[in-house]
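Q: According to the working numbering, the sequence shown is numbered sequentially starting from 162.
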Amino acid sequence: MRVHKILLLAAAMLSCVSVWGQKQEVDLTTVPALQELGNKLLKGKQGSIVAIKPSTGEVLCLVSSTTSTSMINRGITGIYPPGSTFKVAQALMMYTEGVVDKETSFGCDLGFYKDEVKVGCHRHASPLNLVNALAYSCNAWFCQSFMSMIGNTERYRSYWRAMNTWNEYMQSMGFGHTLGIDMKNEAAGLMPDGQWMMKKYGENWTEKNVMYLAMGQGQLTVTPLQLCNLAATIANRGYYYTPYIHPSTARKYPVKYSTKQYTKASREAYDQVIAGMRAAVVKGTATGINTREYSICGKTGTVENSGADHSAFIGFAPMYNPQIAIAVYVENGGFGADVAAPIAASIIKAYIKK
162 MRVHKILLLA AAMLSCVSVW GQKQEVDLTT VPALQELGNK LLKGKQGSIV AIKPSTGEVL
222 CLVSSTTSTS MINRGITGIY PPGSTFKVAQ ALMMYTEGVV DKETSFGCDL GFYKDEVKVG
282 CHRHASPLNL VNALAYSCNA WFCQSFMSMI GNTERYRSYW RAMNTWNEYM QSMGFGHTLG
342 IDMKNEAAGL MPDGQWMMKK YGENWTEKNV MYLAMGQGQL TVTPLQLCNL AATIANRGYY
402 YTPYIHPSTA RKYPVKYSTK QYTKASREAY DQVIAGMRAA VVKGTATGIN TREYSICGKT
462 GTVENSGADH SAFIGFAPMY NPQIAIAVYV ENGGFGADVA APIAASIIKA YIKK
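(1) Report the three-state DSSP secondary structure of Leu-351 (helix, strand or coil).
(2) Within a Cβ cutoff of 8 Å, which residues of the same chain sit near Tyr-320, ignoring the five residues on either side of it in sequence?
(3) With DSSP as the reference, label Phe-247 as helix, strand or coil.
(4) How big is the Cα-Cα spacing for Ala-506 and Ile-457?
(5) So Lys-248 and Ser-298 are supposed to be a Cβ contact under 8 Å. How far apart are they, rounded?
(6) May I ask which residues mark the beginning and end of the beta strand (DSSP E) holding Ala-511?
(7) From Gly-218 to Gly-468, what does the alpha carbon distance come to, in whole angstroms?
(8) For Arg-284 and Val-443, I'd like the C-alpha separation in whole angstroms.
(9) Could you tell me the boundaries of the alpha helix (DSSP H) in which Val-371 lies?
(10) Does the separation of the CB atoms of Pro-415 and Ile-450 fall below 8 Å?
(11) For Ile-406, which residues of its own chain have a beta-carbon under 7 Å away from its beta-carbon, when the five flanking residues on both sides are left out?
(12) Between which two residues does the alpha helix (DSSP H) harbouring Gly-199 extend?
(13) Considering only residues of the same chain and omitting the five flanking positions on each side of Thr-339, which have a CB-CB separation below 6 Å?
(14) Of the choices Pro-479, Asn-328 and Glu-429, whose alpha-carbon is the least far from that of Thr-257?
(15) For Tyr-401, collect the residues of the same chain with a Cβ closer than 6 Å to its Cβ; drop the 5 residues on either side in sequence, then sort them by chain order.
(16) Could you check how far apart the C-beta atoms of Ala-486 and Lys-460 are, in whole angstroms? I think they sit under 8 Å.
(17) Taking the CB atoms as reference points, tell me whether Ala-478 and Tyr-490 lie closer together than 8 Å.
(18) Just verifying my parser: in three-state terms, what is the DSSP assignment at Lys-413?
(19) For the beta strand (DSSP E) holding Tyr-241, just list the boundary residues, first then last.
(20) Might you give, ordered along the chain, the residues of its own chain that have their beta carbon closer than 8 Å to the beta carbon of Asn-290, omitting 5 neighbours on each side?
(21) May I ask which residues mark the beginning and end of the beta strand (DSSP E) holding Ala-498?
(22) What's the gap between the Cα of Leu-239 and the Cα of Ala-301?
(23) For Gly-363, name the three-state secondary structure that DSSP assigns.
(24) Taking only the alpha-carbon atoms, compute the straight-line gap between Pro-404 and Ile-213 and give it to the nearest angstrom.
Rendered as structure tokens:
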């Protein structure tokens, strides 16, 4: 009888674990220590942290915090402009399409003018090549290179076809549709295509109408889960696994959750982008999280907003044989380097150091 009671007690203990005062089912891929740390890091803030194991698609951390009455899971349901974190996706597409190469450079004098419109940028050396444009997050580089693609009617025959090509790359990276995580209420976000642009602007739209897409602003939205998946895709050098949070789901649908989802971007494009993300941490916009212990690769984002800017960061570590990919999005948090990046670095350190 005593042995029976001990077994019942052990089963009860295994059925749940205590995480920040709440019960968490054993059938979860999330790491309790990361969940607890994530809640502490987001205390008093509104936003989310999403971390994925790139080699499997397992969700290691999924924390959503609110300061309002809205109780949605911001990691999978919240939709936002991605800001400069999206520049890595743009670089992958443009390099693969041959719009730019590793030496392509554009001048930047605190930004640039397009007709009478000024696109601002922060102070940095000029001109920059692809790797350094990522490292220092140059708006001028990305806007001008993207417009050169959309405006290339000799190659794409029309703005409409160029936009569809861009959209196909973004769809392959997991944007513009749900990823299929085993949770309810996953949002799809928005990635415009040629048809969408014609409905919005009529037949006379030009590359000027989409230049803000180049830096993750304008007519596009994503979820933090999609941003984390982008980081995982880069960590894997070109593919991702459908993210999941319940091990039982992966066992029930092994094909769906173990099949590699390849993007349209080339391996050489990923090599260039990873070099740029590493440079961002070593010498660029994210030097505050650099460490000699392991090589973090990342991209900051300061997302323009009607109120205070949103703070965003995506990244993975280590640079080789990555163990964790992460996205942090803090609403009205300000500069990506000041808020989101340090939060991401803390989660990365906790996981790698176990």
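By construction, the Cβ of each residue, glycine as well, lies at the ideal position given by its N, Cα and C atoms.
A: According to the data block:
(1) For the purposes of this step, residue 351 is taken as the residue at position 190 of the sequence shown. Three-state result, Leu-351: strand.
(2) By 1-based counting over the sequence shown, the position of residue 320 is 159. Scanning its chain for C-beta atoms nearer than 8 Å, with the 5 sequence neighbours on each side dropped, one finds around Tyr-320 the residues Ile-311, Gly-312, Thr-314, Gly-355, Met-358, Trp-366, Thr-367 and Glu-368, in chain order.
(3) To locate residue 247, count along the sequence shown from 1; it is residue 86. In the structure shown, Phe-247 adopts helical secondary structure according to DSSP, grouped into three states.
(4) Locating residue 506 in the sequence shown gives position 345, where the first residue counts as 1. Locating residue 457 in the sequence shown gives position 296, where the first residue counts as 1. Taking the straight line from one Cα to the other gives about 8 Å.
(5) For the purposes of this step, residue 248 is identified with residue 87 of the sequence shown, where counting begins at 1. For the purposes of this step, residue 298 is identified with residue 137 of the sequence shown, where counting begins at 1. With a beta-carbon spacing of about 7 Å, Lys-248 and Ser-298 fall inside the 8 Å limit used to define contacts.
(6) Taking the sequence shown and counting its residues from 1, one reaches residue 511 at position 350. Residue range 501-513 is occupied by the alpha helix (DSSP H) that includes Ala-511, with no beta strand (DSSP E) assigned at that position.
(7) Locating residue 218 in the sequence shown gives position 57, counting from the first residue. Locating residue 468 in the sequence shown gives position 307, counting from the first residue. About 34 Å.
(8) Here the question's residue 284 lines up with position 123 in the sequence shown. Here the question's residue 443 lines up with position 282 in the sequence shown. Distance from the CA of Arg-284 to the CA of Val-443, rounded to the nearest whole angstrom, comes to 18 Å.
(9) Here the question's residue 371 lines up with position 210 in the sequence shown. It is not in any alpha helix (DSSP H) - Val-371 carries neither H nor E in the DSSP assignment.
(10) Position 254 of the sequence shown, counting from 1, holds the residue named residue 415. Position 289 of the sequence shown, counting from 1, holds the residue named residue 450. Taking a C-beta distance under 8 Å as the contact criterion, Pro-415 and Ile-450 do not qualify as a contact pair.
(11) Along the sequence shown, one-based indexing puts residue 406 at 245. The residues Leu-189, Thr-190, Thr-191, Val-220, Leu-223, Ile-342, Asp-343 and Met-344, in chain order, have a CB closer than 7 Å to that of Ile-406 in the same chain once the five nearest residues on each side in sequence are set aside.
(12) For the purposes of this step, residue 199 is taken as the residue at position 38 of the sequence shown. Note, Gly-199: alpha helix (DSSP H), 193-202.
(13) As a position in the sequence shown, residue 339 is number 178, starting the count at 1. Cβ within range, chain order: Glu-347 and Ala-349.
(14) Locating residue 257 in the sequence shown gives position 96, where the first residue counts as 1. Answer by Cα proximity: Glu-429.
(15) Against the sequence shown, residue 401 aligns to sequence position 240. Closer than 6 Å at the Cβ level, and outside the excluded window around Tyr-401, lie Asn-390, Ala-393, Thr-394 and Gln-422.
(16) In the sequence shown, the residue the question calls residue 486 occupies position 325. In the sequence shown, the residue the question calls residue 460 occupies position 299. Not quite, the Cβ-Cβ distance comes to about 12 Å (not below 8 Å), so this is no contact.
(17) Working through the sequence shown from its first residue, we reach residue 478 at position 317. Working through the sequence shown from its first residue, we reach residue 490 at position 329. No, Cβ-Cβ distance for Ala-478 and Tyr-490 is not below 8 Å.
(18) What you label residue 413 is simply residue 252 of the sequence shown in a count that begins at 1. Here Lys-413 sits in helix by DSSP.
(19) Counting from one through the sequence shown, the residue named residue 241 turns up at place 80. Looking at the DSSP string, Tyr-241 is not in any beta strand (DSSP E), and its letter there is neither H nor E.
(20) Residue 290 sits at position 129 when you count from the first residue of the sequence shown. Result list for Asn-290: Lys-263, Glu-264, Thr-265 and Ser-266, in chain order.
(21) By one-based count along the sequence shown, residue 498 stands at place 337. Ala-498 -> no beta strand (DSSP E), and no H or E assigned at all.
(22) Locating residue 239 in the sequence shown gives position 78, where the first residue counts as 1. Locating residue 301 in the sequence shown gives position 140, where the first residue counts as 1. One detail in the question is off: residue 239 reads as Gly in this sequence, not Leu. When the Cα atoms are used, Gly-239 and Ala-301 turn out to be separated by approximately 28 Å.
(23) As a position in the sequence shown, residue 363 is number 202, starting the count at 1. Three-state result, Gly-363: coil.
(24) Within the sequence shown, residue 404 is the residue found at index 243, counting from 1. Within the sequence shown, residue 213 is the residue found at index 52, counting from 1. Looking at the two C-alpha atoms, the distance is approximately 7 Å.
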